[in-house]
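As structure tokens, the structure follows; a few thoughts come after it.
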Amino acid sequence: MINERHTVTRANPLSADGLWIPEGPGKWSRPLRFLKDDRGWVELMRLAPGIKLGLHRHTGEVHAFNLEGQRRLCTGETVEPGDYVHESTGNVDWWEAVGDEPLVVMVVVMGTVEYLGHDGEVKRRITTADRLADYQRYCSEAGIEPQDLLER
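Adding 457 to a residue's 1-based position in the sequence shown gives its number in the working numbering.
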């Protein structure tokens, strides 16, 4: 029997056109799914070359697949299109978009992201509920009908 319980979210094109939520200078996101019970979210993240994602910790694991562009991890490794990165629960890192073209990476974030100060103090916490609220606010302000991206 074929299971027809699926959802298709139109995310193309990956270009700057379309629903990219601005998150600061040179950083945008495009939500694909919000997991129930505040478990996490799935999104496309786009960064302009030279933009750094500051020091942060994940309370759950993260899966990241580079679609376009390159990023350099805090370890010095360069992640290229087609590369996959797994971050374990509790991972603390930073990374930056490098090269001449924008970075587009698909991420599955489980749990919460905690941005840290140099002393390890949590400066900002981002939950699934926060990401969903950002999406709904952006759609409302832009006059866009939000897609139903909630996991059932």
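Where is the CB? At the ideal position from N, CA and C, for every residue including glycine. Source: prediction; values computed, not measured.
In the DSSP assignment, what residue or residues form a beta bridge with residue i?
i      : result
His513 : Asp550, Tyr572
Lys484 : Gly481, Leu504
Ile583 : Val570
Nearest to residue i by alpha carbon, out of the options?
i      : options                        : result
Arg514 : Leu504, Asp587, Ser597, Thr569 : Thr569
Val566 : Gly483, Ala521, Glu480, Glu537 : Ala521
Gln604 : His575, Pro538, Gly483, Arg490 : Arg490
Ala554 : Leu510, Thr532, Val564, Thr516 : Leu510
Pro538 : Val562, Leu589, Leu476         : Val562
Arg581 : Asp587, Arg588, Leu573         : Leu573
Asp576 : Ile508, Leu476, Arg496, Leu512 : Leu512
Ala590 : Gly483, Asp495, Lys484         : Asp495
Thr546 : Trp477, Val519, Thr532, Arg594 : Val519
Tell me which residues share the same chain as residue i and place their Cβ nearer than 6 Å to its Cβ, disregarding the 5 neighbours each side in the sequence.
i      : result
Glu578 : none
Thr516 : Gly568, Thr569
Might you give, ordered along the chain, the residues of its own chain that have their beta carbon closer than 7 Å to the beta carbon of residue i, omitting 5 neighbours on each side?
i      : result
Leu492 : Trp498, Thr585, Glu608
Glu480 : Ser486
Leu530 : Val536, Asp550, Trp552
Touching by the beta-carbon criterion (3+ pairs, under 8 Å), the region 548 to 558 and the region 521 to 533: yes
Given 8 Å, three or more beta-carbon pairs between the region 588 to 599 and the region 502 to 514: no
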